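Here this note's numbering = 1-based position in the sequence shown + 28. Quick reminder that beta carbons are idealized off the backbone N, C-alpha and C, glycines included. All figures in this text were calculated on a predicted structure; none of them were measured in a lab. Data first, discussion second: the structure below is written as structure tokens.
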Amino acid sequence: MVIGGDAAGMSAASTAKRRDPDLDVVAFDRGPYTSFSACGIPFYLSGVVERSDGLIARSPEEHRKNGLAVHPRTEVLSIDLDARSATVRDATGAERREGFDQLVLATGAESVALPVPGAERAEPARTIPEAERLKFALEHSGTSAVVVGGGYIGLEMAEALVERGLTVTLVEREQSVMASLDEEMAAHVQDAAEGVGIDVRLGATLEEIRKHSVVVDGEEIDADHVIAAAGVRPAADLAVDADMSVGESGGICVDDGQRCADHDGVWAAGDCVETWHRVLKRSVSVKLGTHANKQGRVAGINATGGDAAFPGVIGTAASRICRYEVARTGITEAEAAQAGIEVRSALIKDRTRAGYYPGSGPIWVKLVVEPGSGRLLGGQIVGTEGAAKRIDVLALAVWNEMAVDELALVDLAYAPPYSGVYDPLLVAAYATAKIA
């Protein structure tokens with residue numbers, strides 16, 4: 029049995045069925061869709077992606093053709109690990125018991141509730157039905173919006189609403205947008221957001237959501253639409269109710285085979301679990317579809333007698349915010365300070381292409397290293413076209429514990445449309461090596 033029909037769940041189900049075609053694989057999801065891209069929702073709302081079904085990688089019907097028994101619109105209410113059964117409720121409201129031999133939990137993450145009066149008026153957009161309802165509302169009413177939360181999703185949503193012609197205010201309680209970046213890098217992202225007309229309010233406290241406005245630090249701001257993007261947490265309530273172990277982050281505790289602690293025949297994968305961070309050397313909650321798919325595959329292999337291992341994460345992520353591409357990997361200087369890790373860092377500004385080549389734009393690269401050894405612990409990139417995917421080079425370097433003096437001599441490709449003779453990563457590595 030698989031609980032959760034998105035990235036991790038259906039990856040586990042499909043892998044298990046491929047490995048053992050005679051296995052009965054049953055998957056439940058409370059929503060109507062399976063295997064969809066939540067990351068694509070801002071682009072659907074902006075109109076870049078025209079149809080919501082373009083976000084669906086594989087429908088329940090397609091999974092059924094591959095031999096999986098998929099039950100959408102069916103919520104799992106509880107699990108009894110001793111009895112090897114679960115209580116489920118289908119779309120008609122009828123409840124029944126379903127038995128299982130092996131169980132994979134892939135319940136994902138859920139939005140953090142806004143702790144203010146009127147929070148129920150906020151319009152969520154984490155699922156396709158929610159996005160469809162919001163898009164309909166945007167097309168038929170209102171000229172102003174407030175987005176609560178200045179992370180990746182909040183900024184992408186704010187940009188999408190600007191592209192639809194709305195007046196947009198972004199409210200963030202921290203002192204900078206994108207807490208996943210160091211402040212001097214996040215400042216460039218803020219500049220880009222403000223450059224398209226987003227009113228960015230930092231260090232701001234949302235006090236109330238009203239029918240057509242919000243109150244922020246005592247000021248009433250017009251808001252025909254309020255989008256909640258203040259973060260998510262692991263959806264681990266089923267696991268908690270079944271007395272399964274949950275870590276400090278709120279994620280389900282699993283080993284590198286995605287096995288749940290203290291429970292034979294039970295696996296978990298995706299946004300609902302804790303994952304080992306290879307730089308911080310501790311378990312963290314990192315919610316990305318890339319990890320979810322890989323962890324689901326590992327769970328599916330091991331649930332059918334295999335011996336696969338998920339090697340951990342280093343926090344690699346990328347996005348496009350207004351005119352800039354934004355990416356990070358490893359740890360930031362701020363994260364190092366919070367973890368008590370001594371680091372040194374260097375920040376350079378360069379061009380994405382040869383200076384004489386048309387379309388060249390700015391790129392900032394910041395590297396964080398271990399003193400003495402110069403081992404690369406993290407990197408951040410903000411820049412115009414061609415900036416973000418450079419993070420993959422830094423991710424490989426962090427993953428393999430490479431030192432920046434080695435990175436400075438790596439044989440990277442060169443052509444004027446893509447970089448100067450020295451790629452910005454090499455420039456940054458050389459600058460960091462001098463102070464490591």
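- Taking a C-beta distance under 8 Å as the contact criterion, Ala-44 and Asn-321 do not qualify as a contact pair.
- DSSP places Asp-433 in the uninterrupted alpha helix (DSSP H) bounded by 432-435.
- Taking one beta carbon from each stretch, the stretch 285-296 and the stretch 329-341 have 3 or more pairs nearer than 8 Å; the two touch.
- In this structure, DSSP gives Ser-277 a state outside helix and strand, which the three-state scheme calls coil.
- In the structure shown, the three-state DSSP call for Arg-238 is coil.
- When the five nearest sequence neighbours on each side are left out, the beta carbons in the same chain lying within less than 6 Å of the beta carbon of Gly-414 are those of Thr-380, in order along the chain.
- In the three-state reduction of the DSSP assignment, Tyr-352 falls in the strand class.
- Apart from the 5 residues on each side of it in sequence, Glu-126 sits with its Cβ closer than 6 Å to the Cβ of Ala-114 and Val-116 in its chain, given in chain order.
- In this structure Ile-237 is buried. Its beta-carbon is surrounded by 16 or more other beta-carbon atoms within 10 angstroms.
- When secondary structure is reduced to three states using DSSP, Gly-411 falls in the strand class.
- For Pro-390, the enclosing beta strand (DSSP E) stretches over residues 390-397.
- In this model, Leu-183 and Ala-221 are separated by some 8 Å (Cα to Cα).
- In the three-state reduction of the DSSP assignment, Pro-262 falls in the strand class, which pools E and B.
- Take the alpha-carbon of Arg-372 and the one of Glu-434: they are about 17 Å apart.
- Pairing Val-432 with Asp-439, the inter-Cα distance amounts to about 13 Å.
- Beyond the five residues adjoining it in sequence on each side, Glu-429 comes within less than 6 Å, by CB distance, of Arg-403 in the same chain, given in chain order.
- Your pair Ile-31 and Val-98 does not check out as a contact, with CB atoms roughly 12 Å apart and the cut at 8 Å.
- The C-alpha of Glu-148 lies about 22 Å from the C-alpha of Thr-195.
- Considering only Tyr-458, Ile-369 and Glu-302, the residue with the shortest C-alpha distance to Ala-137 is Glu-302.
- With a minimum length of 3 residues, the unbroken runs of beta strand (DSSP E) contained wholly in the stretch 146-192 fall at 172-176.
- Residues Val-217, Val-354, Arg-356, Thr-360, Gln-408 and Val-410 of the same chain have their beta carbon placed closer than 8 Å to that of Leu-209, with the five preceding and five following residues left out of the count.
- Glu-167 and Pro-157 have their C-alpha atoms spaced approximately 15 Å apart.
- Cβ-Cβ distances below 8 Å link Glu-123 to Leu-105, Thr-115, Val-116 and Arg-117 in the same chain, with the five nearest sequence neighbours on each side left out; the list follows chain order.
- Judged by beta-carbon spacing, Leu-142 lies beyond the 8 Å limit of Ala-215, meaning their Cβ atoms are not closer than that value.
- When the alpha-carbon of Arg-325 is set against those of Ala-296, Arg-112 and Arg-348, the nearest one is in Ala-296.
- Buried is the label assigned to Ile-342, since at least 16 other Cβ atoms lie within 10 Å of its Cβ.
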